[in-house]
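Residue numbers (my numbering): 65 to 271.
Heads up, the thing below is written out as structure tokens.
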Amino acid sequence: MPPRQTKAIAHLRAVDPILGAWIDRAGPCGWEVKADGTHFDHVARSIVYQQVSGAAAATVYGRMLGLYRGKAPTPRQVLATPDERLRGAGLSGRKVEYIKGLAEQLVARRLPLERIDEMPDDEVIATLTSIRGIGEWTAQMVLMFRLGRPDVLPTLDIALQRGVKVLYGLRTQPSPARLARIGAKWAPYRTVASWYVWRRVDDRDDW
């Protein structure tokens with residue numbers, strides 16, 4: 065396990081015995097950062113995955129790559145692709161609009177996407193949410209799984225809310241505000257804590 069994750073787990077065990085007990089049961093942390101490809105490809109893929117199941121999104125994304133001989137397209141290639149071809153791959157008209165809008169901003173050099181590695185978390189979120197079709201949740205997924213930021217808590221995530229409800233035996237699913245309060249003690253490793261809470265949703269025992 066990477067040293068950062070070892071340190072994070074030691075901290076989480078110390079500040080939260082309930083989460084610590086689940087960490088012991090769940091095993092090693094599998095949080096991974098997708099460092100391959102470009103930021104454009106990663107954000108475009110995040111748009112594809114919005115509001116659909118992972119399996120369905122993977123199929124659509126694969127078909128989209130098929131339009132470009134299996135390789136992730138550049139912004140200029142996306143702009144040169146007729147909308148109907150992208151819709152034929154399974155993208156909704158709205159998602160085609162969002163991905164092409166992102167590509168247009170990059171080609172016009174109006175969006176500093178290539179510099180998000182250098183930005184603090186709040187600036188990354190502000191930059192990404194300025195893109196039509198990108199909300200706070202998607203920006204947080206980029207922070208966690210593209211940039212590897214260790215202290216992100218996506219309080220709007222329904223699965224995370226459900227996991228906290230089960231893990232802590234709450235009567236109702238926590239609101240984003242309550243989730244933020246519960247997760248405050250996990251800082252500065254809320255990304256790792258979130259990964260473990262998501263695993264609690266995957267584990268069907270005691271539901």
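Cβ atoms here follow ideal geometry from the backbone N, Cα and C, with glycine treated the same way.
For clarity, every value in this text was computed on a predicted model and none was experimentally measured.
Between residue 193 and the rest of its own chain, which residues show a CB-CB distance below 7 Å, the 5 nearest in sequence each way excluded?
Walking along the sequence shown from the start, residue 193 turns up at place 129. If we look at residue 193 and ignore the five residues flanking it on each side, its Cβ neighbours are 199, 200, 203.
Using only alpha-carbon positions, find the residue among 170, 206, 164, 165 that is nearest to residue 184.
As a working mapping, residue 184 is identified with position 120 in the sequence shown. For residue 184, the nearest C-alpha among the options comes from 206.
Using only alpha-carbon positions, find the residue among 85, 266, 139 that is nearest to residue 171.
Here residue 171 corresponds to residue number 107 of the sequence shown, with the count starting at 1. Among 85, 266, 139, the Cα nearest to that of residue 171 is on 139.
Return the first residue and the last residue of the alpha helix (DSSP H) that residue 110 is part of.
Against the sequence shown, residue 110 aligns to sequence position 46. Run containing residue 110: 103-113, per the alpha helix (DSSP H) assignment.
Starting from residue 247, follow the alpha helix (DSSP H) in both directions and report where the run begins and ends.
For the purposes of this step, residue 247 is taken as the residue at position 183 of the sequence shown. It spans 240-247 - the alpha helix (DSSP H) in which residue 247 sits, taken as one unbroken run.
The alpha helix (DSSP H) with residue 229 in it runs from where to where?
Numbered from 1 along the sequence shown, position 165 holds the residue referred to as residue 229. Segment 222-232, the alpha helix (DSSP H) holding residue 229.
List the whole-angstrom C-beta distance separating residue 219 from residue 244, where the pair is believed to meet the contact cut-off of C-beta under 8 Å.
One-based indexing of the sequence shown puts residue 219 at position 155. One-based indexing of the sequence shown puts residue 244 at position 180. At roughly 5 Å, the Cβ-Cβ gap stays under 8 Å, so residue 219 and residue 244 are in contact.
Span of the alpha helix (DSSP H) around residue 90
Indexing the sequence shown from 1 puts residue 90 at position 26. Residue 90 -> alpha helix (DSSP H) spans 81-90.
Give me the Cα-Cα distance between residue 73 and residue 260, rounded to the nearest whole angstrom.
Locating residue 73 in the sequence shown gives position 9, where the first residue counts as 1. Locating residue 260 in the sequence shown gives position 196, where the first residue counts as 1. Each residue's alpha carbon lies about 10 Å from the other.
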